[in-house]
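Under our numbering, the sequence shown has 333 at position 41, and the numbering climbs by one with no breaks. A virtual CB, placed ideally from N, CA and C, is assigned to each residue, including glycine.
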Amino acid sequence: PPKVFAGIMFTRNTQKLYKIPVIDNLISAIHRGAFPPETTIVLRLVPPVVDAAKKLTDGMRRLESRRIIMQCFEAFK
293 PPKVFAGIMF TRNTQKLYKI PVIDNLISAI HRGAFPPETT IVLRLVPPVV
343 DAAKKLTDGM RRLESRRIIM QCFEAFK
């Protein structure tokens with residue numbers, strides 16, 4: 293089974309969570325500077341905050357958005 297690396301990216305006030313499966317073929321391809329024989333599927337989650345249009349300006353200011361984002365972080369670990 294592949295190891296899964298967690299990634300979190302912050303862009304201003306927006307968080308994106310990533311799960312990256314890493315298998316031996318991917319590691320070997322990276323060492324050789326080549327493309328891996330299989331496609332690596334990376335899962336991404338952007339927390340579904342209450343008002344997505346204001347996500348960039350409000351961030352975690354709204355209590356409900358903060359609760360949703362913290363739940364996503366908790367489930368992510």
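*If we count Cβ pairs, one from each stretch, closer than 8 Å, do we get three or more for the stretch 326-337 versus the stretch 305-318?*
yes
*Skipping 5 residues on each side, what residues in its chain have a beta carbon closer than 7 Å to that of Pro294?*
Taking the sequence shown and counting its residues from 1, one reaches residue 294 at position 2. Closer than 7 Å at Cβ, skipping near neighbours: Pro313, Val314, Ile315.
_Cβ neighbour criterion (16 or more within 10 Å) applied to Val341_ = What you label residue 341 is simply residue 49 of the sequence shown in a count that begins at 1. Counting Cβ neighbours within 10 Å, Val341 comes out buried, since at least 16 surround it.
*Below 6 Å CB to CB, which residues in the same chain sit around Val296 once its five sequence neighbours on both sides are set aside?*
Position 4 of the sequence shown holds residue 296. Same-chain partners within the cutoff: Lys311, Pro313.
*CA-to-CA distance, Ala321 to Pro328, given in whole angstroms*: Here residue 328 refers to the residue found at position 36 of the sequence shown. Here residue 321 refers to the residue found at position 29 of the sequence shown. If I take the Cα positions, the gap works out to 5 Å.
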